[in-house]
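Chemist: Sharing a structure here in structure tokens format.
Protein chains: 2
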Amino acid sequence: MQAVENHKLSRCACCVIRHKGICDALTDAELMQFSQIATHRSYEPGDIILSSDEKTDFFAAIHTGVVKLTKILIDGRQQVVGLLLPPDFLGRAFSKSNPYFAEAATKVELCCFPHDKFEHMLDDFSQLKQRLLEQTLDELDSTREWMVLLGRKTAEERVASLFLMLANRWMKTDCAHQSGQQQEVFELYLKRDEIADFLGLTYETVCRQISVLRKSGVVQFSGTRRFSVPNLDALAEIAG
Amino acid sequence: MQAVENHKLSRCACCVIRHKGICDALTDAELMQFSQIATHRSYEPGDIILSSDEKTDFFAAIHTGVVKLTKILIDGRQQVVGLLLPPDFLGRAFSKSNPYFAEAATKVELCCFPHDKFEHMLDDFSQLKQRLLEQTLDELDSTREWMVLLGRKTAEERVASLFLMLANRWMKTDCAHQSGQQQEVFELYLKRDEIADFLGLTYETVCRQISVLRKSGVVQFSGTRRFSVPNLDALAEIAG
DNA sequence: CGATCTGTTGACGGCAGTCAAGTCAAGTGG
DNA sequence: CCACTTGACTTGACTGCCGTCAACAGATCG
């Protein structure tokens, strides 16, 4: 029993997101307790992790991969309302259902916590709740930033904004990039039609605007889903 | 001194939003402490309450009136990213600045709490932090709902969605509406160009789509900013 | 090799934006 | 009291960006 706990603690202790996501709010001792309720789950691209308005029985930290949050209208029109990367948190606390679909955009590994036990721990560890609040506030900020994009930006500005956002997120979390090195390469993660659903466009328009940016030299592509940015300021200028 | 406290408590105790907003999370005894740090401020339509990225020194509960949260691009394009009605909470906790403008859309009265004292109280009263978290999560949900509108809905659907949202919010909070009464009358609060900035349209398009809905009988106007809805289901159908 | 999925590019049309004129109500000042 | 101004709103004519429809290219896989 003790051995198992130690094993589980060590799994958490050496977890790549130990000091990034909500887990960072916990001490090693608290993490020990936390690790006992955590289980891992894996998903393939396209898998539905959570269905809209289905009662959810777990929360999760994104361990690896990318998760899309989407909403759909009755006639099938779809909008991506959030993109979760490690070490983001997945799930709607203090509510029995969540109003989005969560879909794996890439291979995904989650670290899951049962619904009721996690909410109890939120009450026990005030630092955890604090962290969740701060993360939710940050998410609200970036969601509103995206509202400006959807409401007011042109197609070209939208695509440029997406590239800029991905580049910034990449450099913030995976900041193991050696300075003075050659061009940083970023991952797009999404297919053209997923990008379209994120930007409020059609996939043809996304294609065209990517071509425009590529031909003007603002971004350089290697394959269809990897790109680099010679001049981030120029990209930011276009993104508005 | 004691007299003043009693006076202040009584002001909170009989406050119209005492049992609606975050204050509802407090006991009468806690409210007493709370009332000692609270001050009231008034604003006229068009007044800027908070400027984007300006360091904020207070939080506030909306007592009366309507507050717009907006963001602008360098060339002046504007997007309303949130609409706050009583008893909503204004301010970005645990961050020295907030990335939006807060502007009074109508006459507004705020109940304000100093920045540092309020954050201390959040730590002292866990129910308060809990309430703030839940309110933030709800705000995130409705913001994402609005992303679908901005990204995927037509002009007519957007205007219909706004009417529906206002009707629902009105009936939820001011539910002193006598049943079996004649048509409920709702307030639009915003000018045509403010609606446009909320819906990601131009004010001419907003005008035209309001005319369409009015002529089809789905909504009835008295003046330019008051309307009633004969059939809410029909409106919801159009809103998508 | 064909089948399928993903991405690219062209031609055309429509919805909403742009530009502009006009209505209406409220306020201001002579 | 009336001319004038101002702000909010409405409506029309035209334009253009992006959506729709369609053909095609490349990659992956059985």
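In order, the protein sequences belong to chains A and B.
Here the first sequence is numbered in our numbering, starting from 1 and rising by one per residue.
Here the second sequence is numbered in our numbering, starting from 1001 and rising by one per residue.
Each residue gets a CB set at the ideal place from its N, CA and C atoms; glycine is no exception.
Because the structure is a prediction, the values reported are computed rather than measured.
Between residue 1001(B) and the rest of its own chain, which residues show a CB-CB distance below 8 Å, the 5 nearest in sequence each way excluded?
Modeler: Taking the first residue of the second sequence as position 1, residue 1001(B) is located at position 1. Here residue 1001(B) scores only 38 on pLDDT, less than 50, and its place in the model is too uncertain to base an answer on.
Chemist: Near residue 1017(B), what residues of its chain come up, given a Cβ to Cβ distance below 7 Å and the 5 sequence neighbours on each side ignored?
Modeler: Taking the second sequence and counting its residues from 1, the one referred to as residue 1017(B) is at position 17. So the qualifying residues of the chain are 1023, 1061, 1063, 1086, 1087.
Chemist: Report back the beta-carbon spacing between residue 73(A) and residue 1240(B) to the nearest angstrom; my notes put them in contact at under 8 Å.
Modeler: For the purposes of this step, residue 73(A) is taken as residue 73 along the first sequence, with counting starting at 1. For the purposes of this step, residue 1240(B) is taken as residue 240 along the second sequence, with counting starting at 1. Indeed, because the Cβ distance is near 5 Å, the residues count as touching under 8 Å.
Chemist: Can you confirm whether residue 162(A), when its beta carbon is compared against all beta carbons of chain B, has any partner nearer than 7 Å?
Modeler: Counting from 1 along the first sequence, the entry for residue 162(A) is found at position 162. Cβ-Cβ to chain B under 7 Å: no for residue 162(A).
Chemist: For residue 1105(B) and residue 1081(B), which I take to be in contact (beta-carbon distance under 8 Å), what is that distance rounded to the nearest angstrom?
Modeler: Mapped onto the second sequence, residue 1105(B) falls at position 105. Mapped onto the second sequence, residue 1081(B) falls at position 81. Their Cβ separation, rounded to whole angstroms, is 14 Å, which puts residue 1105(B) and residue 1081(B) out of contact at 8 Å.
Chemist: Applying the 10 Å Cβ sphere with the 16-neighbour rule, what's the burial state of residue 96(A)?
Modeler: Taking the first residue of the first sequence as 1, we reach residue 96(A) at position 96. It is exposed - the Cβ of residue 96(A) has fewer than 16 other Cβ atoms within 10 Å.
Chemist: Residue 197(A): buried (16+ other C-beta within 10 angstroms of its C-beta) or exposed?
Modeler: Within the first sequence, the letter at position 197 stands for residue 197(A). Per the 10 Å Cβ criterion, buried.
Chemist: Excluding five sequence neighbours on each side, which residues of the same chain lie with their C-beta closer than 6 Å to the C-beta of residue 1020(B)?
Modeler: Looking up residue 1020(B) in the second sequence gives position 20. Around residue 1020(B): 1087.
Chemist: Helix, strand or coil: which one does DSSP assign to residue 20(A)?
Modeler: In the first sequence, counting from the first residue as 1, residue 20(A) sits at position 20. Coil, per DSSP.
Chemist: In chain B, what lies closer than 7 Å to residue 121(A) by C-beta?
Modeler: Along the first sequence, one-based indexing puts residue 121(A) at 121. Simply none; closest approach about 14 Å.
Chemist: Residues in its own chain within less than 7 Å of residue 114(A) by CB, not counting five upstream and five downstream?
Modeler: Translated into the one-based positions of the first sequence, residue 114(A) becomes position 114. Hits under 7 Å: 37, 57, 58.
Chemist: Can you tell me which of 1065(B), 1107(B), 1077(B) puts its alpha carbon nearest to the alpha carbon of residue 1202(B)?
Modeler: The residue given as residue 1202(B) occupies position 202 in the second sequence. Among 1065(B), 1107(B), 1077(B), the Cα nearest to that of residue 1202(B) belongs to 1077(B).
Chemist: Leaving out five residues before and five after residue 122(A) in sequence, what residues of the same chain have Cβ atoms less than 6 Å from its Cβ?
Modeler: The residue labelled residue 122(A) in the question sits at position 122 within the first sequence. 128, 129, listed in sequence order.
Chemist: Tell me the start and end of each unbroken alpha helix (DSSP H) in the stretch 38–85 of chain A that is at least 4 residues and wholly inside, in chain order.
Modeler: Counting only runs of 4 or more, we get nothing.
Chemist: If you follow the beta strand (DSSP E) that residue 101(A) is in, where does it begin and where does it stop?
Modeler: By one-based count along the first sequence, residue 101(A) stands at place 101. Where residue 101(A) is concerned, the enclosing beta strand (DSSP E) stretches over 101–104.
Chemist: Roughly how many angstroms separate the alpha carbons of residue 1011(B) and residue 1041(B), rounded to a whole number?
Modeler: By 1-based counting over the second sequence, the position of residue 1011(B) is 11. By 1-based counting over the second sequence, the position of residue 1041(B) is 41. Rounded to the nearest angstrom, the two C-alpha atoms are 15 Å apart.
Chemist: The alpha helix (DSSP H) with residue 207(A) in it runs from where to where?
Modeler: Looking up residue 207(A) in the first sequence gives position 207. Its alpha helix (DSSP H) spans residues 203–215.
Chemist: On the CB-based measure, 16 or more other CB atoms within 10 Å of its CB, does residue 1183(B) come out buried or exposed?
Modeler: Within the second sequence, residue 1183(B) is the residue found at index 183, counting from 1. Counting Cβ neighbours within 10 Å, residue 1183(B) comes out exposed, since fewer than 16 surround it.
Chemist: Beta-carbon of residue 1073(B) versus every beta-carbon of chain A: anything under 7 Å?
Modeler: Along the second sequence, read from residue 1 onward, the residue named residue 1073(B) stands at position 73. So, interface residue.
Chemist: Looking at the structure shown, is residue 1226(B) part of a helix, part of a strand, or coil, going by DSSP?
Modeler: Residue 1226(B) sits at position 226 when you count from the first residue of the second sequence. Residue 1226(B): strand per DSSP, three-state reduction.
Chemist: Please go through the stretch 120–195 of chain A and give each complete alpha helix (DSSP H) segment of 4 or more residues, from N-terminal end onward.
Modeler: The qualifying runs are 126–152, 155–173.
Chemist: Determine the chain B residues that contact residue 87(A) at a beta-carbon separation under 8 Å, and present them in chain order.
Modeler: Here residue 87(A) is taken as the residue at index 87 of the first sequence, counted from 1. Those within 8 Å of residue 87(A) in chain B number zero; the least Cβ separation is about 18 Å.
Chemist: Quick one: any contact between the stretch 231–239 of chain A and the stretch 149–165 of chain A, if contact means 3 or more CB pairs under 8 Å?
Modeler: Touching, per the Cβ criterion.
Chemist: In chain order, what residues of the same chain lie with their CB nearer than 7 Å to the CB of residue 193(A), ignoring the 5 residues before and after it?
Modeler: For this step, residue 193(A) is matched to residue 193 along the first sequence. 203, listed in sequence order.
Chemist: Could you give the C-beta distance for residue 140(A) and residue 1143(B), rounded to a whole number, given that I count them as a contact under 8 Å?
Modeler: By one-based count along the first sequence, residue 140(A) stands at place 140. By one-based count along the second sequence, residue 1143(B) stands at place 143. Yes, residue 140(A) and residue 1143(B) are in contact; Cβ-Cβ is about 6 Å, under 8 Å.
Chemist: Along the stretch 126–158 of chain A, what residues have a CB closer than 8 Å to any CB found in chain B?
Modeler: Per Cβ criterion, the list reads 126, 129, 130, 132, 133, 134, 136, 137, 139, 140, 141, 143, 144, 145, 146, 147, 148, 150, 151, 152, 153.
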